[in-house]
């Protein structure tokens, strides 16, 4: 809940070109925005379709419209994380950042997240 937009997010390329249902729009960035840092074109597209904004052509709406920002975060939580939250912290990491932090990937980042959780 500290940042509306991912730090240095504009330099990141979160465009999954294999997503034919939610293709990237030229010149648009799908970096983390909102309370839960919604990322990737397929999440922006699906969230937009579900809650009623053009996530692919106007992803910046998640940072600029407080209602859409929280709706997008709640959408992500309810569709991706809610069903596993009773399985423990590791299951929520997998649901949120599994492709980036699980199965031996980015172990330092994953360990830092566990450390933050334990400190909190």
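Numbering (my numbering), first residue to last: 191 to 310.
Glycine included, each C-beta is placed from N, C-alpha and C at the ideal position.
CA-to-CA distance, residue j to residue i, given in whole angstroms
i           : j           : result
residue 300 : residue 291 : 6 angstroms
residue 255 : residue 289 : 28 angstroms
residue 309 : residue 298 : 16 angstroms
residue 263 : residue 210 : 23 angstroms
residue 285 : residue 253 : 22 angstroms
residue 305 : residue 235 : 32 angstroms
residue 248 : residue 214 : 11 angstroms
Per-residue burial, residue i [other beta carbons within 10 Å of its own, 16 or more giving buried]
i           : result
residue 216 : exposed
residue 302 : exposed
Expected contact under 8 angstroms - CB spacing of residue i and residue j to nearest Å
i           : j           : result
residue 267 : residue 241 : Their Cβ separation, rounded to whole angstroms, is 13 angstroms, which puts residue 267 and residue 241 out of contact at 8 angstroms.
residue 221 : residue 239 : With 8 angstroms as the limit, residue 221 and residue 239 do not qualify as a contact, their Cβ atoms being about 20 angstroms apart.
When the options are compared against residue i, the one with the closest alpha-carbon
i           : options            : result
residue 206 : 276, 219, 248, 199 : 219
residue 195 : 212, 243, 226, 236 : 226
residue 208 : 249, 230, 274      : 230
residue 212 : 296, 233, 294, 248 : 233
residue 257 : 224, 192, 278      : 224
residue 199 : 214, 237, 250      : 250
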